[in-house]
Amino acid sequence: MPVLPDLTDTVRFDDAGLVPVVIQDWSTGEVLTLAYANDEALRLTRETGELHLWSRSRDELWHKGATSGNVQRVRALRIDCDQDAVLALVEPAGPACHTGARTCFHPVGAPEGPAADGWAPEGEGVGTLLAPHEVLPDLVRVLADRRVSAPEGSYTAQLLNDRAFAGAKVEEEAEEVFRAAREETDDRVDNEAADVLYHLLALLQGRDRTLGDVLEVLRQRRA
121 MPVLPDLTDT VRFDDAGLVP VVIQDWSTGE VLTLAYANDE ALRLTRETGE
171 LHLWSRSRDE LWHKGATSGN VQRVRALRID CDQDAVLALV EPAGPACHTG
221 ARTCFHPVGA PEGPAADGWA PEGEGVGTLL APHEVLPDLV RVLADRRVSA
271 PEGSYTAQLL NDRAFAGAKV EEEAEEVFRA AREETDDRVD NEAADVLYHL
321 LALLQGRDRT LGDVLEVLRQ RRA
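The sequence shown begins at 121 in my numbering and counts up by one.
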């Protein structure tokens with residue numbers, strides 16, 4: 121368990137003794153929830169390594185996920201420049217939202233519950249709503265879903281279930297990037313690099329590895 125800082129003497133609580141807590145996925149950067157904590161919740165979070173909050177509606181301490189099992193292991197706590205807000209970086213064990221959705225934040229008009237994840241207005245692709253930093257985590261989720269559904273005749277399903285095929289495609293696409301970088305346009309380089317990322321993520325998924333596993337290696341190299 122990482123050593124978490126003691127924020128109780130640093131945070132500027134409001135008149136109700138609370139501080140807003142922005143909860144963010146440690147691996148993907150996705151914002152999951154906006155909640156509140158008091159000094160006791162911050163103390164329990166630090167002691168247990170799992171997120172504790174204060175429920176304003178129930179007026180009581182709230183161990184996130186204690187009932188549902190969707191606990192959130194806290195990897196880091198950060199404080200803002202005015203010391204009146206906290207950022208909690210967590211590893212969620214399941215959906216963050218009480219509706220069963222992955223996150224509490226969705227586009228206006230999205231349905232309630234898990235159907236909100238990956239939703240887009242009729243006639244538009246999900247990509248129209250994604251910020252650039254959300255694209256790779258979204259692709260990882262799509263690949264994970266495709267591995268489970270394994271539609272017959274699917275090229276992606278073949279990549280996920282045939283490691284040799286996936287490896288050969290990564291090698292082929294990497295060669296295309298090299299060729300494009302040497303003699304083609306910048307736009308072509310971008311497209312070929314996108315193909316490499318797609319095939320590499322599929323290869324990782326097929327080996328039960330994730331983008332987060334790779335990013336953790338890079339993070340440790342910076343340690």
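Don't be surprised by glycine CBs; every beta carbon is placed ideally from N, CA and C. Please read all numbers here as calculations on a predicted model, not as lab measurements.
Query	Result
Under three-state DSSP, which class holds residue 157?	strand
With H, G and I counted as helix, E and B as strand and the rest as coil, what does DSSP make of residue 178?	coil
In terms of alpha-carbon separation, which member of 256, 213 and 329 lies closest to residue 316?	256
Can you tell me whether DSSP reads residue 291 as helix, strand or coil?	helix
In whole angstroms, what separates the C-alpha of residue 180 from that of residue 174?	6 Å
Is DSSP giving residue 226 helix, strand or coil here?	coil
Within the chosen definition, does the stretch 123-130 reach the stretch 226-239 through at least 3 CB pairs nearer than 8 Å?	no
If you drop the 5 nearest sequence neighbours on each side, which residues of the same chain put their C-beta closer than 7 Å to that of residue 264?	325
If you run the structure through DSSP and keep just helix, strand and coil, what is residue 204?	coil
Would you check if the distance between the CB atom of residue 321 and the CB atom of residue 250 is smaller than 7 Å?	no
Sorted by chain position, which residues of the same chain lie with C-beta nearer than 8 Å to residue 205's C-beta, five sequence neighbours on each side aside?	139, 140, 141, 142 and 199
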